[in-house]
Amino acid sequence: MRKLLFSTVLSVSLAGGPLLTGPVWAQTQLRPGGQVQGELARGDDQLDSGEFIDVYEVQGRAGQPLAVTMRSDDFDTYLMVRGPGDFEEDNDDGGDDGTNSMLDVRLPVDGTYRITATSYESGESGRYSISLGTGGGNGPRGGGGGNTGGNAGGGVLSADRPASGALASGDRTLSTGEFADAWSFPVRRGQTYSVSLNASDFDPYLILRGPGGLSEDNDDDTGQRGTRNSRIRFTAPADGTVNVSATSFESGETGRYQIALEEGGRGSSTGQGRPPQGAYQPPERPVQGAITVGQTVNGSLARGDRQLDSGEYIDTYTVRGRRGQQLDLRLTGNGFDPYLAIQGPGGLSEFNDDDSEGDGLNSRLFVTLPADGEYRITATSYEAGEAGDYRLSVVPATGRQQAGRPQQDSYVENDRGRQDVAGGTIRVGDTVGGSLQSGDDQLDSGEYVDTFTFRGQRGQRVAAELTSSAFDAYVLLTTPSGEQLENDDGEDGTNSRLDTVLSEDGEYTVAVTSYQPGETGSYRFSVTPSMGSQRQAAVQGGPRVFAIMVGISDYGDEANNLPYTDEDAEKLAETLDREGVLNASSVVLTNAEATVAGVRRAFTEVAREAGPDDMFLFFFSGHGSQEDSVTSAQEPDGRTESIILTDGEITDTEMARLFNSLDTRLSLLVLDSCFSGGFARNVVDRPGVMGLFSSEEDLTSAVADKFEAGGYLSHFLRAGLAGEGDGDGDGAVTAGELATYLRAQFVAEVQGVESETMEGQRNYQNLVIDRGGVQIDDIVVRLASNGSYRGGL
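Using the working numbering, you'd call the opening residue of the sequence shown number 1 and step up by one each time.
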């Protein structure tokens, strides 16, 4: 049986504060620091586990601190806060006596937040008070909960400069007694950050909470032996705001401290002059600018520039890189002897005076990056006071290359006609003619190589194709961030074709080379838009999804009612229609319409319209059941599963017969109901059929009350088909991408949701995916626009 949780709320205006809404009895006009009196009692809404609840709502702003306190003499209180961006905080004990609850949080984004007042044990009841105030945005170690009164310390951290503060008597305190200051800073998904807290008066302790479930605590910096200072290094799992508590290891400790934020790992250390025989360390200074891999910049060293202690002028650039990425750095100067250095995370410190493979005067560095993060490149001179123009380039290293010459015999064929290649830069859609020959650049292993660059966008699918009758073609593609893809053989076994979806915006580098060292000869090379494999190219966009979407909340006398399940079907139809993929012949059946005859009739009508180029979807959100049957290969547990409609059931056996009537490119069965996994063995038994089921065949499924959805699978399916499941951003959601997205969401959100068998054995709800004969890159939907899920459903 499906579980349920819902509540009725009433808006209450807070003078000078956020909007608080709550049960109909909560009509008190609150002011900051005020209270609401309430009562948990029999007849209230309940959690799945039996606790009575009252629910309030707060309209909050990004970065706003919020303190919620719940007190009761009648029961052990428990607080929960849920909000946009998967925001989730819980607290059991936050008061002095260990039974009151307190949450002190900093809101990550604008939006509506729900505060649930409940009890620690099921069935507890009694009077309580709940108050809302301005908090410091800090939680206790190891969980949600928060600070008690005191002065607010902290602010917004910046990577440009460290900040100072002090823990002192009168500051806000954690529930365990430590004074704490609240700091925050914005983060970007995939970016690496480091926060350090240094103090001599007390033992520093850092607490970080942020988007995507980020939760880090640290006492001592393991990278510095013998120190009590605290340091946390992390990679942001999502965009948003990170909240930092600067606190102490022991309660009551006080004193001054310094807190610093770095982007891209450990950052560079400061130094004076050029150290002999060691790391080159430019003085701390604002950088000249950012440079990307594949980019060349022009600059000049001149009087008035920053200088080393030894007198050399310097310009400094930053570049973002990945662990294992190989870079080729070149600095050429006009009128001075160039000197090049790079520093960054992982302890990297390399410098070079002369390019041994060039003219002996210019500077060149080949480096392999030891860690993800931001690296600092310094352009300077060998002698003090030297000045002049320079050219700095940072390109992927395709092996230590010999200085080559321009491809005089290369050309480009495109919509502008036939043109000479200019600097190895081409556009998507261009075809290049050239040749590998003695004197060209070479890879370490001896193959001649020509290098071309083009600009691409994330989600763009391209085919890089190299053909030659003179040698065995080989193509290497390097992304802007340094990831390398390669291909030896195309369809004929000697030509090379690399078909891929671009993973990021920026400049891509293609190395055109041969399979064996020393091979030479003419070639044709092209980078063109691609539709992927022939199987993928045949999948048309537009309204190609023929769907039957069934959701039942009002079961009448057939079964107990369910919340949100009828909306699951309606919202799925709205999502597919808005994305431009839903065919007009599709059918939505809710509540009284969702009869056995109605579903059978819909199959007959939709199956007649859907053809071999189309995708068919049957979706159901509602009750599921099991009945004893004969043990067989189809039912090894001796039970038949079914979905419950308003006037009867459709079994897994009948569902198999209905799916056998289809003649479509791909058919998708999605059941968000108890015991739904039992349909997999019956229905997913032929090519082109894929099944998504909210639970295993002997376990129940829960209502996704936190998302106001009838089921977790229903909620995540809508997002996945609307674009969130499009992992590579190419505007098409494949079977593999959808499966990966749904599994990730279940791990993040459904882990720990209890489930049970018909006999009452308890376990946890798990997603079941059966692709059968559907391949990983088979397209489920090709979106009309390359947009992502916008939420709000």
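A virtual CB, placed ideally from N, CA and C, is assigned to each residue, including glycine.
Exposure of residue i, with buried meaning 16 or more beta-carbon neighbours within 10 Å
i, result
"Gly136", "Residue confidence for Gly136 is low, a pLDDT of 43 falling below 50, so the modelled location carries little weight and cannot support an answer."
"Ile342", "buried"
"Ile779", "buried"
"Thr513", "buried"
"Ser169", "exposed"
"Val750", "buried"
"Arg303", "exposed"
"Asp201", "exposed"
"Gly638", "exposed"
"Gln540", "exposed"
"Ala246", "buried"
"Ser694", "buried"
"Thr795", "Since the first and last residues shown for the chain are 1 and 793, residue 795 lies out of range."
"Thr380", "buried"
"Asp181", "buried"
"Gly798", "Because the chain here runs from 1 to 793, residue 798 falls outside it and cannot be looked at."
Where the beta strand (DSSP E) through residue i begins and ends
i, result
"Tyr317", "Tyr313 to Gly321"
"Asp181", "Ala180 to Val187"
"Asp770", "Val768 to Asp770"
"Asp817", "For residue 817 there is no data in the structure shown, the boundaries of the chain being 1 and 793."
"Glu486", "Gln484 to Asn487"
"Arg427", "From DSSP, Arg427 is part of no beta strand (DSSP E); its letter is neither H nor E."
"Thr653", "Run containing Thr653: none in the beta strand (DSSP E); it sits in the alpha helix (DSSP H), Asp652 to Asn660."
"Glu697", "Careful: Glu697 lies outside any beta strand (DSSP E) and carries neither H nor E."
"Asn243", "Gly240 to Ser248"
"Pro204", "Pro204 to Arg209"
"Pro529", "Gly521 to Pro529"
"Leu589", "Val587 to Thr590"
"Asn100", "Segment: none, Asn100 is in no beta strand (DSSP E) and carries neither H nor E."
"Glu374", "Gly373 to Ser381"
DSSP beta-bridge partners of residue i
i, result
"Met80", "Asp90 and Thr116"
"Thr332", "Arg391"
"Asp637", "The partner list for Asp637 (beta bridge, DSSP) is empty, contrary to what the question assumes."
"Asn298", "Arg391"
"Leu617", "Ala547 and Leu668"
"Ser230", "Leu197"
"Met758", "Met758 pairs with nothing; no bridge assigned."
"Leu327", "Val367 and Pro396"
"Gln540", "Answer by DSSP bridge pairing: none, since Gln540 is not bridged."
"Ala704", "Ala709"
"Phe350", "Note that residue 350 corresponds to Glu in the displayed sequence, not to Phe. BP columns for Glu350 point to Ile342."
"Ala732", "Arg782"
"Arg455", "Glu507"
"Asp499", "Ala463"
"Leu692", "Val670 and Ile769"
"Tyr474", "Thr513"
"Ala166", "Arg256"
"Glu216", "Leu208"
Element boundaries [alpha helix (DSSP H), containing residue i]
i, result
"Arg601", "Val596 to Glu609"
"Val55", "Note, Val55: premise wrong, no alpha helix (DSSP H); beta strand (DSSP E) at Phe52 to Gly60."
"Leu749", "Note that residue 749 is Glu in the sequence shown here, rather than Leu. Ala735 to Glu749 is the extent of the alpha helix (DSSP H) around Glu749."
"Val683", "Ala680 to Val683"
"Ser714", "Tyr712 to Ala719"
Sequence-distant residues of the same chain with beta carbon closer than 7 Å to residue i, five excluded per side
i, result
"Gly598", "Leu589"
"Pro480", "Thr292, Val293, Gly294, Glu504, Gly506, Glu507 and Tyr508"
"Arg61", "Leu107 and Asp110"
Sequence-distant residues of the same chain with beta carbon closer than 6 Å to residue i, five excluded per side
i, result
"Gly624", "Ile643, Ser673, Cys674, Phe675 and Ser676"
"Ser714", "Asp568, Ser621 and Asp672"
"Glu558", "Thr646"
"Ala511", "Thr398, Val449, Thr451 and Leu476"
Contact set for residue i: own chain, Cβ-Cβ below 8 Å, skip 5 residues either direction
i, result
"Gln484", "Pro396, Leu476, Leu477 and Thr478"
"Val683", "Asp652, Met655, Ala656, Phe659, Leu669, Val689 and Gly691"
"Gly459", "Val501, Leu502, Asp726, Asp728, Gly729, Asp730, Gly731 and Asn786"
Below-9 Å beta-carbon distance, residue i vs any chain C residue
i, result
"Tyr205", "Absent from the structure: chain C. Only one protein chain is present."
Item to complete: Spell out a yes or no on whether the segment 721–730 and the segment 770–777 are touching, meaning 3 or more CB-CB pairs, one atom from each, closer than 8 Å.
Response: no
Item to complete: Decide yes or no for the touch test of the segment 171–185 against the segment 247–263: beta carbon pairs closer than 8 Å, at least 3 of them.
Response: yes
Worksheet item: Does the segment 102–117 come within contact of the segment 70–86, defined as at least 3 CB pairs closer than 8 Å?
Response: yes
Practice prompt. Indicate whether the contact test is met: 3 or more Cβ pairs, each with one atom in the segment 700–709 and one in the segment 645–654, closer than 8 Å.
Written response: no
Practice prompt. Tell me, please, whether the segment 68–79 touches the segment 120–127 by the rule of three or more beta-carbon pairs shorter than 8 Å.
Written response: yes
Worksheet item: Are the segment 552–566 and the segment 580–588 touching, with three or more C-beta to C-beta distances below 8 Å?
Response: no
Fill in: Touching by the beta-carbon criterion (3+ pairs, under 8 Å), the segment 606–616 and the segment 515–528
no
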